[in-house]
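To start, the structure under review is shown below, and the notes come after it.
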Amino acid sequence: MGILKYKEYEGTAEIDMARMVCRGRVLFINDLVTYEAASPAELKNEFEAAVDDYLDTCTALGREPKKPLKGQFNVRIPEALHKAATLRALTDGISLNDVMVRSLDAFINLRTDINHTVRVSVDLNAESLQTLVSSASAKPQWGVFSNVKH
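Structure follows, in structure tokens:
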């Protein structure tokens, strides 16, 4: 299933193999608004026409069109996770809502192609540095590989 977008609305893009048509419905509103067409390109046009018709119909009826989403929803989570989120909010001095917004944002927008660059700094005195340089330039000890030519 694909998703079509127009104005503030999203709609589905599906293929009905039994009827051999493309069809869809406007998502996230309580009113039922559907559309169909013979091809995907036509379906996009029908979706946009359905949204425009919905908005015009609401105006003609004198009522506000339903907004796609209000930004509120209820979630059920384990008690331990609820407690951990609440403690995190208290520790960070933010609201529990902010913790949830940040968590959802990280889940949805987190990039999986993260590259890490690590820089290591070591403070050595002159004697330790000389030992390190001497050890690095010394002839390797081959041990069990005594038959290997150096």
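Okay, so the sequence shown: first residue is -9 according to the working numbering, each after it adds one. C-beta atoms are modelled at their ideal positions from N, C-alpha and C, and glycine is treated no differently.
Asked: Span of the beta strand (DSSP E), counted from its first residue to its last, around Lys(-5); Found: Gly(-8) to Tyr(-4)
Asked: C-alpha gap between Asn35 and Leu59, whole angstroms; Found: 23 angstroms
Asked: Opening and closing residue of the alpha helix (DSSP H) in which Val41 lies; Found: Pro30 to Leu51
Asked: Exposure of Leu37, with buried meaning 16 or more beta-carbon neighbours within 10 Å; Found: Here residue 37 turns out to be Phe, not Leu, going by the sequence shown. By the neighbour-count rule (16 or more Cβ atoms within 10 Å), Phe37 is buried.
Asked: Element boundaries [alpha helix (DSSP H), containing Arg92]; Found: Leu86 to Asn99
Asked: Residue ranges of each beta strand (DSSP E) within the stretch 0 to 25, 3 or longer; Found: 11 to 15
Asked: Same chain, Cβ closer than 7 angstroms to Ala50, neighbours up to 5 away in sequence not counted; Found: none
Asked: Secondary structure of Leu77, DSSP reduced to three states; Found: helix
Asked: Rounded straight-line distance, which links the Cα of Phe63 to that of Ala28; Found: 36 angstroms
Asked: CA-to-CA distance, Leu17 to Glu(-2), given in whole angstroms; Found: 11 angstroms
Asked: Residue from Leu45, Arg9 and Leu100 with nearest C-alpha to Ile19; Found: Leu45
Asked: Cut-off 8 angstroms between Cβ atoms - residues of its own chain near Glu0, not counting five sequence neighbours on either side; Found: Ile(-7), Leu(-6), Val16, Leu17, Phe18 and Pro58
Asked: Best match in Pro30, Val89 and Thr47 for proximity to Ile5 [C-alpha to C-alpha]; Found: Pro30
Asked: Spatially closest choice to Arg66 from Met90, Asn115 and Leu22, by CA coordinates; Found: Met90
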